[in-house]
Amino acid sequence: MLVLPPVSVPSLRTSPTLLEISADNWRLASLVGVVVSALAVAALPADVAFWIVGALVALVAVAFVVNAYRRRYYGGLLVAPAIAVLFAMNIFPLLWSLGLSFFAYQSNRQSIWFVGLNNYIKVLTNDIAAADNWHALINTGMFVVLTVSAQMIVGFMLAMLFAKQFPLRKYLLILVLTPMMLSVVASGVFFTYYYDPTFGILSYAINSIAGGQFILMDSKAGAVAGIVFADAWMWSPFVMLLVLAGLVSVPKYLYEAAAIDRVSAWRRFWTITFPYIRGLLMLALLFRTIEAFKLADLVILLTKGGNDTMTISYHLIRIANEQNKTSEGAAISYIMLFMVIVLTNLYLYLANRRTRES
Numbered sequence: 101m102l103v104l105p106p107v108s109v110p111s112l113r114t115s116p117t118l119l120e121i122s123a124d125n126w127r128l129a130s131l132v133g134v135v136v137s138a139l140a141v142a143a144l145p146a147d148v149a150f151w152i153v154g155a156l157v158a159l160v161a162v163a164f165v166v167n168a169y170r171r172r173y174y175g176g177l178l179v180a181p182a183i184a185v186l187f188a189m190n191i192f193p194l195l196w197s198l199g200l201s202f203f204a205y206q207s208n209r210q211s212i213w214f215v216g217l218n219n220y221i222k223v224l225t226n227d228i229a230a231a232d233n234w235h236a237l238i239n240t241g242m243f244v245v246l247t248v249s250a251q252m253i254v255g256f257m258l259a260m261l262f263a264k265q266f267p268l269r270k271y272l273l274i275l276v277l278t279p280m281m282l283s284v285v286a287s288g289v290f291f292t293y294y295y296d297p298t299f300g301i302l303s304y305a306i307n308s309i310a311g312g313q314f315i316l317m318d319s320k321a322g323a324v325a326g327i328v329f330a331d332a333w334m335w336s337p338f339v340m341l342l343v344l345a346g347l348v349s350v351p352k353y354l355y356e357a358a359a360i361d362r363v364s365a366w367r368r369f370w371t372i373t374f375p376y377i378r379g380l381l382m383l384a385l386l387f388r389t390i391e392a393f394k395l396a397d398l399v400i401l402l403t404k405g406g407n408d409t410m411t412i413s414y415h416l417i418r419i420a421n422e423q424n425k426t427s428e429g430a431a432i433s434y435i436m437l438f439m440v441i442v443l444t445n446l447y448l449y450l451a452n453r454r455t456r457e458s
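Positions in the sequence shown are counted from 1; adding 100 to them yields the working numbering.
If you want it as structure tokens, here you go:
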């Protein structure tokens, strides 16, 4: 009988306790990092506190890496570089701007001091600042409703059209998708010339019919219509792609059975087509609503906020960059982030509720 020698399997090191001093004790490192960072921010000058917080972040990262190595979490080590890049490019600027919202800081000055929630209170309750902020937010809500509605309707109609086979379909599909591939700046410049009252195509067409000079951006209604049309022209193809993905996934035999039963077109759409595209429509609605809250580039290029078209994102840019009120801009941006999170959670709640009911 062949007896194999025992194979020694290296045992994994048990996790250190909270207060055990060890290179892989990420719990202790995280606790020390949070406490010392808070004390440094509150008690030390900003330039000193910055380097202390950075060193503590590096300490916590090293503790996590050593912990993963000793416990053979090689998968975590493999994704660690990607996580580091994500932290440097996304998470750190997010946390840094959050910290700035609790300080009095202007980009054109060197002084900085802790003010707590004063920036949030100022942008919400100060007579002049709050009035401008709320007015820009109301304009943003108007653009969100108009642009998202236009994109959903146009995108849905385009998807219904391209779900059918017809001559030159693929070439027309490429042509329809072209606006989505362009940069926002290129689209904004194009519509600037398109709406130009002197040599724009729209003005030339209307002048040839009605006579006289036509200036679309001369009123709030015209300016809003121009921005909504430009935004819908760019992003309706995105909605179309999502809806089209649902339409092509509908089994053909369901339509064949409905044709045999002589089901009406409306009932066929409501009972067969719509259940397959409902989730994608809701997803498109969520994505485009979030993006509509950030509408600023088209406003800058087409109206520069004139004719009462100032959005909260453009207002934020003017406060933070043109007026150098960095901390107030950070506070407004986090109020916007809170609103988007609330809307997203409301969407997820409604989607989950509908799923449970179905």
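Heads up, the beta-carbon is just placed ideally off N, CA and C, and yes, glycines get one too.
With H, G and I counted as helix, E and B as strand and the rest as coil, what does DSSP make of residue i?
| i | result |
| --- | --- |
| tyrosine 295 | coil |
| isoleucine 360 | helix |
| isoleucine 412 | helix |
| leucine 398 | helix |
| leucine 450 | helix |
| isoleucine 121 | coil |
| alanine 142 | helix |
| isoleucine 212 | strand |
| phenylalanine 164 | helix |
| phenylalanine 203 | strand |
| proline 267 | coil |
| isoleucine 441 | helix |
| asparagine 407 | coil |
| phenylalanine 290 | helix |
| proline 375 | helix |
| isoleucine 315 | coil |
On a Cα-Cα basis, can you pick out the residue from the options that is closest to residue i?
| i | options | result |
| --- | --- | --- |
| leucine 224 | Gly429, Trp126, Val166 | Gly429 |
| alanine 242 | Leu381, Phe369, Gln210, Ala325 | This sequence places methionine at residue 242; alanine is not what is there. Out of Leu381, Phe369, Gln210, Ala325, Ala325 has the C-alpha closest to the C-alpha of methionine 242. |
| leucine 380 | Ser349, Met410, Gly406 | Ser349 |
| valine 135 | Ser122, Val157, Lys222, Leu443 | Val157 |
| alanine 290 | Ala330, Val276, Ser319 | Per the sequence presented here, residue 290 reads as phenylalanine, with alanine not at that position. Of Ala330, Val276, Ser319, the residue nearest in Cα terms is Ala330. |
| valine 165 | Ile301, Phe150, Pro181 | Pro181 |
Alpha carbon to alpha carbon, what distance is there between residue j and residue i?
| i | j | result |
| --- | --- | --- |
| isoleucine 253 | aspartate 397 | 23 angstroms |
| aspartate 408 | alanine 146 | 39 angstroms |
| serine 111 | valine 141 | Because serine 111 carries a pLDDT of 45, less than 50, the predicted location of this residue cannot be relied on, and no value is offered for it. |
| proline 351 | methionine 382 | 21 angstroms |
| serine 287 | alanine 155 | 44 angstroms |
| leucine 56 | valine 328 | Any answer about residue 56 is impossible in this case: the structure gives the chain only from 101 up to 458. |
| valine 248 | methionine 410 | 18 angstroms |
| leucine 258 | tyrosine 271 | 14 angstroms |
| valine 109 | tryptophan 126 | For valine 109, the pLDDT reaches just 44, beneath the cut-off of 50, and the residue's location in the model is therefore unreliable, although a value from the coordinates is still provided. Between valine 109 and tryptophan 126, the C-alpha separation is close to 25 angstroms. |
| leucine 198 | serine 137 | 14 angstroms |
| leucine 416 | methionine 436 | 10 angstroms |
| tyrosine 173 | serine 283 | 42 angstroms |
| arginine 454 | isoleucine 419 | 41 angstroms |
| phenylalanine 266 | leucine 347 | 16 angstroms |
| alanine 184 | aspartate 232 | 39 angstroms |
Between which residues of its own chain and residue i is the CB-CB distance below 6 angstroms, once the five residues before and five after are set aside?
| i | result |
| --- | --- |
| asparagine 445 | none |
| serine 130 | Val160 |
| valine 153 | Ser137 |
| asparagine 208 | Asn424 |
So, for residue i: in the same chain, excluding its five sequence neighbours on each side, which residues have a beta-carbon less than 7 angstroms away from its beta-carbon?
| i | result |
| --- | --- |
| methionine 280 | Met334, Trp335, Pro337, Phe338 |
Can you list, in chain order, the residues of its chain with a C-beta nearer than 8 angstroms to that of residue i? Leave out the 5 residues immediately preceding and following it.
| i | result |
| --- | --- |
| threonine 292 | Leu401, Leu402 |
| phenylalanine 387 | Phe338 |
Would you check if the region 213–228 and the region 361–381 touch, i.e. whether three or more CB-CB distances between them fall below 8 angstroms? no
Indicate whether the contact test is met: 3 or more Cβ pairs, each with one atom in the region 430–445 and one in the region 252–269, closer than 8 angstroms. no
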